[in-house]
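Top to bottom, those sequences are chains A and B. Heads up, the first sequence is in UniProt numbering, so the first residue is 1 and it goes up one at a time. Heads up, the second sequence is in UniProt numbering, so the first residue is 1 and it goes up one at a time. In what follows, a structure is listed as structure tokens, so that the remarks can point back to it.
2 protein chains.
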Amino acid sequence: MTAETAIQDNASRDRIERTILSAAEQVFSQHGYRGASLQAIADQAGLPKANILYYMGTKQALYVRLLNRMMSRWNAVLEDITPDSDPGRVLSDFIRTKMMLGQRYPEGSKLFAAEILAGAPFLNDYLAGELRDWVASRAAIIRQWAEQGKMDAVDPHLLIFLIWSATQHYTDYSAQVSGILGRDALNEADLQSITQFLEHVILKGCGVQQSDATHLAVK
Amino acid sequence: MTAETAIQDNASRDRIERTILSAAEQVFSQHGYRGASLQAIADQAGLPKANILYYMGTKQALYVRLLNRMMSRWNAVLEDITPDSDPGRVLSDFIRTKMMLGQRYPEGSKLFAAEILAGAPFLNDYLAGELRDWVASRAAIIRQWAEQGKMDAVDPHLLIFLIWSATQHYTDYSAQVSGILGRDALNEADLQSITQFLEHVILKGCGVQQSDATHLAVK
DNA sequence: AGCTATATTGACCGATCGGTCAAATCAATT
DNA sequence: AATTGATTTGACCGATCGGTCAATATAGCT
């Protein structure tokens, strides 16, 4: 087999796999691991069920692969945070990035939420390992900001959880938000209002000054 | 049949129904409507599967009954709010009541969350009806507070969503919180810290003064 | 054209799904 | 003791579950 055909084969395979992953993400995010059926995923993907298993092996392997894909999208968040950073700018960026991620990958976000709701049977190691370290390192820096008098001495973990939950809400509970606001879906103006509101309340609530750059960008 | 026996019968029936409802709440909250099986609920309740159906009719009827039970628990929240109320006291109460409800009915809260995640197929009417009215009436009063200069002119809907999401997080995503904090479960001291943190950030972030009474209670 | 490796898919497997039913049991009244 | 209505539950139903497999089709290489 030449290199050329290998590339062609892989490209074709990748295209099909992306179709399957996308379909599976939709079904798993709505009904959770147990509630999702391979037949429903196959129908969503427009492929026979046996084909899903040919590419993905088992239901569990497909599910775990989706979880890993979603987790990898988190790598860049709050990456360049230092004790010398401006808290207002960093927290603003965090809020905006989180809102953007939720909008970009709504199914992935809901998939994650469903896994946590079920007690995180597949994610316990990740939560108590990588993610805990991620949070701990950011929390340490936030605590330094507080010691430097840049902000109130709030518990950094709780601050991260607050931003986490407040932003995630508009993705994972979009059905509730839409139902209450009486909209089919949130538009760009809604998202800007929400982001601005969260920045205002959270930064002010932590005694952080909103930087000019952030303010202008919002305006 | 005498009145006495009728009472006795109903008492026995109520006891069994509570057992079933409790078991079903656990299973539904973990796996959602589709992912839950009557056999799993029966095992959890320690009853044969046919008995579940004898008392509850169908899986769907059981599920809807659980949703209604959970919704009814919300009736007392933010009930006595008026334009003359003290925003700090009311918002504090809201945060505390919400945290308490989550702790008291964790399975019910997760059941609700799973239903919303699935797109609220059984709750759409409730969300766009009763709940929307509930939110709208409270939002109107909060807006009056802002107009009276008692707090910042934030969007009342977004403020309600913020308190909603921030408190709900510790119930619905307890697996994530526990995993990251490295605890088996949150204790009473944790909950006090969380409540205090949320009161501090949200009230300060909305330009509301924390009332003395509230402050003392927290202290 | 013939060969080989990969891809496709209908048919099928045992297990489990929600739900039904009839036979057995229980409890209270006469 | 006999009767009656409510309760209990094992057996069973067709449908669907995750997964296997063999037959077929496809595509690139010689």
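Using N, Cα and C, we set each Cβ at its ideal position, and we do this for glycine too.
**Q.** Residues near B:VAL90 in its chain [Cβ-Cβ closer than 6 angstroms; skip 5 each side]
**A.** Translated into the one-based positions of the second sequence, residue 90 of chain B becomes position 90. The answer, listed in chain order, is ILE81.
(Q) Tell me the residue span of the alpha helix (DSSP H) that contains B:ASP93. (A) Along the second sequence, one-based indexing puts residue 93 of chain B at 93. Note, B:ASP93: alpha helix (DSSP H), 87 to 104.
Q) DSSP state of B:ARG18, grouped into three classes? A) As a first step, residue 18 of chain B is located in the second sequence; it is residue number 18 there, counting from the start. Residue state, collapsed to three classes: helix.
Q. Is there contact here, the segment 96 to 112 of chain B with the segment 191 to 209 of chain B, by at least three beta-carbon pairs under 8 angstroms?
A. Yes: at least three Cβ pairs fall under 8 angstroms.
(Q) Quick check on the DSSP output: what are the complete beta strand (DSSP E) runs of length 3 or more inside the segment 20 to 50 of chain B, in order along the chain? (A) Here no run is fully enclosed.
Q.
The alpha helix (DSSP H) that contains B:LEU67, what's its start and end?
A. In the second sequence, counting from the first residue as 1, residue 67 of chain B sits at position 67. Here the alpha helix (DSSP H) through B:LEU67 covers 59 to 72.
(Q) Do B:LEU198 and B:THR171 have their beta-carbon atoms positioned less than 8 angstroms apart in this structure? (A) As a first step, residue 171 of chain B must be located in the second sequence, where it is residue number 171. As a first step, residue 198 of chain B must be located in the second sequence, where it is residue number 198. No; because the gap between Cβ atoms is not below 8 angstroms, this pair is not in contact.
(Q) Is there a C-beta anywhere in chain A that falls below 8 angstroms from the one on residue 220 of chain B? (A) Any property of residue 220 of chain B remains undetermined from this structure, which presents chain B solely from 1 to 219.
**Q.** Proximal chain B residues relative to A:SER85, where beta-carbon distance stays under 9 angstroms
**A.** Residue 85 of chain A sits at position 85 when you count from the first residue of the first sequence. Residues of chain B passing the Cβ test: none, with the nearest at roughly 20 angstroms.
Q. Would you report the Cα separation of A:TYR33 and B:LYS204, rounded to the nearest angstrom?
A. Along the first sequence, read from residue 1 onward, the residue named residue 33 of chain A stands at position 33. Along the second sequence, read from residue 1 onward, the residue named residue 204 of chain B stands at position 204. If I take the Cα positions, the gap works out to 41 angstroms.
Q) Using a C-beta cutoff of 8 angstroms, does B:VAL135 count as contacting chain A? A) For this step, residue 135 of chain B is matched to residue 135 along the second sequence. Yes - at least one Cβ of chain A is within 8 angstroms of the one on B:VAL135.
Q) At least one CB of chain B closer than 8 angstroms to the CB of A:LYS110: is that the case? A) Here the question's residue 110 of chain A lines up with position 110 in the first sequence. Answer yes: the Cβ-Cβ gap between A:LYS110 and chain B drops below 8 angstroms somewhere.
(Q) Using 8 angstroms for Cβ pairs, my map puts B:ALA153 next to B:ALA146. What's the rounded Cβ distance? (A) The count along the second sequence starts at 1 and reaches residue 153 of chain B at position 153. The count along the second sequence starts at 1 and reaches residue 146 of chain B at position 146. Sure, about 4 angstroms apart at Cβ, within 8 angstroms.
Q) Could you check where the alpha helix (DSSP H) with B:LEU158 kicks off and where it finishes? A) Taking the second sequence and counting its residues from 1, one reaches residue 158 of chain B at position 158. 156 to 172 is the extent of the alpha helix (DSSP H) around B:LEU158.
Q: Measure how close the beta-carbons of B:ILE20 and B:MET56 come, nearest whole angstrom, since I'm counting them as under 8 angstroms.
A: The residue given as residue 20 of chain B occupies position 20 in the second sequence. The residue given as residue 56 of chain B occupies position 56 in the second sequence. At roughly 6 angstroms, the Cβ-Cβ gap stays under 8 angstroms, so B:ILE20 and B:MET56 are in contact.
Q.
Residues of the segment 188 to 201 of chain A in Cβ contact with chain B at a cutoff of 8 angstroms, in chain order, please.
A. Of all residues in the segment 188 to 201 of chain A, those with a C-beta nearer than 8 angstroms to a C-beta of chain B are SER193, ILE194, PHE197, LEU198, HIS200, VAL201, reading in chain order.
Q | Range of the contiguous alpha helix (DSSP H) that encloses A:GLU79 | A | The count along the first sequence starts at 1 and reaches residue 79 of chain A at position 79. Run containing A:GLU79: none; DSSP gives neither H nor E here.
Q.
Between the alpha carbons of B:ALA36 and B:ALA128, how many angstroms are there, rounded?
A. Counting from 1 along the second sequence, the entry for residue 36 of chain B is found at position 36. Counting from 1 along the second sequence, the entry for residue 128 of chain B is found at position 128. If I take the Cα positions, the gap works out to 26 angstroms.
Q) Which residues of chain B have a Cβ atom closer than 7 angstroms to the Cβ of A:ARG132, listed in chain order? A) Position 132 of the first sequence, counting from 1, holds the residue named residue 132 of chain A. Residues of chain B passing the Cβ test: GLY179, ILE180, GLY182.
**Q.** Sub-8 angstroms separation of B:LEU131 and B:PHE28 beta-carbons
**A.** Position 131 of the second sequence, counting from 1, holds the residue named residue 131 of chain B. Position 28 of the second sequence, counting from 1, holds the residue named residue 28 of chain B. Not in contact: B:LEU131 and B:PHE28 (Cβ atoms no closer than 8 angstroms).
Q: Spell out whether any CB of chain A is found under 8 angstroms from the CB atom of residue 221 of chain B.
A: Residue 221 of chain B cannot be examined here, being either before or after the span of chain B that is shown, 1 to 219.
Q | Pairwise C-alpha distance: B:SER72 and A:LEU123 | A | Working through the first sequence from its first residue, we reach residue 123 of chain A at position 123. Working through the second sequence from its first residue, we reach residue 72 of chain B at position 72. Going from the Cα of A:LEU123 to the Cα of B:SER72 covers about 33 angstroms.
Q: Give the interface partners of B:VAL154 over in chain A, defined as CB-CB distance under 8 angstroms, in chain order.
A: As a first step, residue 154 of chain B must be located in the second sequence, where it is residue number 154. Per Cβ cutoff of 8 angstroms: PHE197, HIS200, VAL201.
(Q) For B:SER137 and B:ARG143, what's the separation of their Cα atoms in angstroms? (A) For the purposes of this step, residue 137 of chain B is taken as the residue at position 137 of the second sequence. For the purposes of this step, residue 143 of chain B is taken as the residue at position 143 of the second sequence. Looking at the two C-alpha atoms, the distance is approximately 10 angstroms.
Q. In terms of residues, what are the limits of the alpha helix (DSSP H) holding B:LEU122?
A. For the purposes of this step, residue 122 of chain B is taken as residue 122 along the second sequence, with counting starting at 1. Per the sequence shown, residue 122 of chain B should be read as Phe rather than Leu. First-last for B:PHE122: undefined, no H or E at that position.
(Q) Helix, strand or coil for B:GLN108? Go by DSSP, reduced to three states. (A) Sequence index remark: in the second sequence, residue 108 of chain B carries index 108 (1-based). The identity of residue 108 of chain B in the sequence shown is Gly, whereas the question assumes Gln. Note: B:GLY108 maps to helix in three-state DSSP.
Q) Taking only beta-carbon atoms, is B:GLY46 less than 8 angstroms away from chain A? A) Reading the second sequence from its first residue, position 46 is the one you call residue 46 of chain B. For B:GLY46, the answer is no, since every Cβ of chain A falls outside 8 angstroms of its Cβ.
(Q) Only counting the same chain, and skipping five residues up and downstream in sequence, which positions put a Cβ closer than 8 angstroms to that of B:PHE94? (A) For the purposes of this step, residue 94 of chain B is identified with residue 94 of the second sequence, where counting begins at 1. For B:PHE94, where only same-chain residues beyond five positions count, the Cβ hits under 8 angstroms are VAL77, LEU78, ILE163.
Q. Anyone know if the C-beta pair for A:ALA175 and B:ALA120 falls short of 8 angstroms?
A. For the purposes of this step, residue 175 of chain A is taken as residue 175 along the first sequence, with counting starting at 1. For the purposes of this step, residue 120 of chain B is taken as residue 120 along the second sequence, with counting starting at 1. Result yes, Cβ atoms of A:ALA175 and B:ALA120 sit closer than 8 angstroms.
**Q.** Chain-order list of residues whose beta-carbon lies under 6 angstroms from that of B:ALA45 (same chain, five-residue window excluded)
**A.** Numbered from its first residue, the second sequence carries residue 45 of chain B at position 45. Same-chain partners within the cutoff: THR19, ILE20, ALA23.
**Q.** From A:LEU158, A:LEU159, A:SER165, residue whose alpha carbon lies closest to that of B:PHE161
**A.** Taking the second sequence and counting its residues from 1, one reaches residue 161 of chain B at position 161. The candidate whose alpha carbon is nearest that of B:PHE161 is A:SER165.
(Q) Quick check on the DSSP output: the alpha helix (DSSP H) that includes B:GLU147 runs from which residue to which? (A) Against the second sequence, residue 147 of chain B aligns to sequence position 147. Annotation for B:GLU147: the continuous alpha helix (DSSP H) segment containing it runs 132 to 147.
Q: Following the continuous alpha helix (DSSP H) through A:ALA189, name the residue where it begins and the one where it ends.
A: Here residue 189 of chain A refers to the residue found at position 189 of the first sequence. From DSSP, the alpha helix (DSSP H) with A:ALA189 extends over 188 to 205.
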